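**Student:** In mature numbering (1 follows the signal peptide of the UniProt record, and there is no 0), the protein residues as written are -19 to -1, 1 to 255.
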Ligand SMILES: *[C@@H]1O[C@H](CO)[C@@H](O)[C@H](O)[C@H]1NC(C)=O
């Protein structure tokens, strides 16, 4: 009883924290070679720390958006920038081609503050009460996504879009919903997804086999341009992928699965700028 009381007292005296725990020293440059101990990375010896440990230029370059989503997230977390270790914050760069979507995802350990630098982004999240909040955000404006909620960004402008996202965690973590649900290793059993989404097996198989999850077209360099559209056509997912691969392009397919076949609803061809 006394033990329970002591535990309750201890728990209630721990300050309520929204972010990573406070650091216990000025800095602690992560030694990425060492295994994380209880929380975060052990520190590099102070004697070998230089100014370069506090500098990171990894967000200065545009990410290659030649993938199925048209979006590229460059991470500036503790793994990329060890100087952030124990400091409780990090930042990503998000490049989006016109029409691109950074698909619905969750950061389990962090709130996200989106700052748009260029273009026009639709940013939205859904609350635990199932309410959708969204806003079209333009240059210099902010949108905040509370920790752990499902959110996305879509480029709704005519040109490219660029945003920087700030996090109150050195390693926010990402749960990408399409990939998590339909592209995990090993896969979630089909019957779980069939029941969960109340759809036929063909739909689940279709999503699992299509390019949205299985991005094997590969990213290609440069700026992407929409070359034109086509409607109609069909074939197995493998046939479609082989065909696309033969064209040597970064392609985006929207497909509908019907009786084991994937019917192409819309197919957009992208080629890399030289
Ligand atoms: C993002 O851009 C980088 C740098 O161009 C590239 O190496 C990477 O493959 C791209 N990622 C995706 C998912 O396209």
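For each residue, glycine too, the CB sits at the ideal point set by N, CA and C. Only a predicted model underlies this, so the values are computations on that prediction, with no experimental measurement involved.
Contact defined as beta carbons within less than 8 angstroms: I believe residue 64 pairs with residue 35. What is the distance between those atoms, to the nearest angstrom?
**Tutor:** Under the criterion of beta carbons closer than 8 angstroms, residue 64 and residue 35 qualify as touching, at roughly 5 angstroms.
**Student:** Quick check on the DSSP output: what are the complete beta strand (DSSP E) runs of length 3 or more inside the region 70 to 120, in order along the chain?
**Tutor:** 71 to 77, 82 to 87, 93 to 99, 101 to 107 and 113 to 119
**Student:** With which residues is residue 126 paired in a DSSP beta bridge?
**Tutor:** According to DSSP, residue 126 bridges with 93.
**Student:** What would DSSP say about residue 177, mapped onto helix, strand or coil?
**Tutor:** helix
**Student:** How is residue 131 classed by DSSP in three states: helix, strand or coil?
**Tutor:** In the structure shown, residue 131 sits in a strand (DSSP, three-state: E or B).
**Student:** Just to confirm, are residue 71 and residue 59 a CB contact at a threshold of 8 angstroms?
**Tutor:** Inclusion of residue 71 and residue 59 in the CB contact set at 8 angstroms is warranted, their separation being smaller than that value.
**Student:** So who's on the other strand from residue 163, going by DSSP bridges?
**Tutor:** Its beta-bridge partners do not exist; DSSP assigns none.
**Student:** How about residue 144 and residue 75: are their beta carbons less than 8 angstroms apart?
**Tutor:** yes
**Student:** For residue 27, does the three-state DSSP call read helix, strand or coil?
**Tutor:** helix
**Student:** CA-CA distance, residue 149 and residue 25?
**Tutor:** Roughly 22 angstroms between the two C-alpha positions.
**Student:** Does DSSP classify residue 138 as helix, strand or coil?
**Tutor:** Three-state DSSP puts residue 138 in coil, outside helix and strand.
**Student:** Going by other Cβ atoms of all chains shown within 10 Å of its Cβ, with 16 needed for buried, is residue 191 buried or exposed?
**Tutor:** buried
**Student:** Quick one: is residue 176 near chain C, going by C-beta distance under 8 angstroms?
**Tutor:** The question asks about chain C, but that chain is absent: this structure has only one protein chain.
**Student:** Does the Cβ of residue 213 have 16 or more other Cβ atoms within 10 Å, making it buried, or fewer, making it exposed?
**Tutor:** Confidence at residue 213 is low in this model, with a pLDDT of 30, below 50, so its placement is unreliable and no value can be given for it.
**Student:** For residue 145, which residues does DSSP report across the bridge?
**Tutor:** 74 and 96
**Student:** Taking residue 187 as part of the alpha helix (DSSP H), name the residues at either end of that continuous run.
**Tutor:** 182 to 190
**Student:** Consult DSSP for residue 64 and reduce its assignment to one of helix, strand or coil.
**Tutor:** helix
**Student:** What is the DSSP secondary structure of residue 53, reduced to helix, strand or coil?
**Tutor:** For residue 53, the three-state secondary structure derived from DSSP is strand.
**Student:** So is residue 93 buried or exposed if we call it buried at 16+ other beta carbons inside 10 Å?
**Tutor:** buried
**Student:** Quickly, what does DSSP pair residue 156 with across the bridge? List them, please.
**Tutor:** 87
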